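In the numbering used here, the protein residues as written are 1314 to 1396.
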């Protein structure tokens, strides 16, 4: 997993998802056709779209905050209001 992937994982692990994060992240990147070992900032919006459907099931309302934090990784720290 590259540095960006590790940063996404850290955000997810710091949520109520905890240790299950690695499994969710691997599955969602795979399903999106992304390589977690070579994920780039331009892949983040696609990953966020996948996670939007899955995270609320696991962590409810906290999913929104996790998605915002992940989205920030993809756009240089500028918050995307559309999340």
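Yeah, the Cβ is synthetic: ideal placement off N, Cα and C, and Gly gets one too. All values reported here derive from a predicted model rather than from experimental measurement.
Bounds of the alpha helix (DSSP H) holding residue 1325 are 1316-1326.
Membership of residue 1332 in any alpha helix (DSSP H) is not indicated, and neither H nor E is assigned to it by DSSP.
The C-alpha of residue 1356 lies about 9 Å from the C-alpha of residue 1345.
Of 1378, 1372, 1385, the smallest CA-CA separation from residue 1337 is found for 1372.
Taking every protein chain shown into account, the CB of residue 1354 has fewer than 16 other CB atoms within 10 angstroms, so this residue is exposed.
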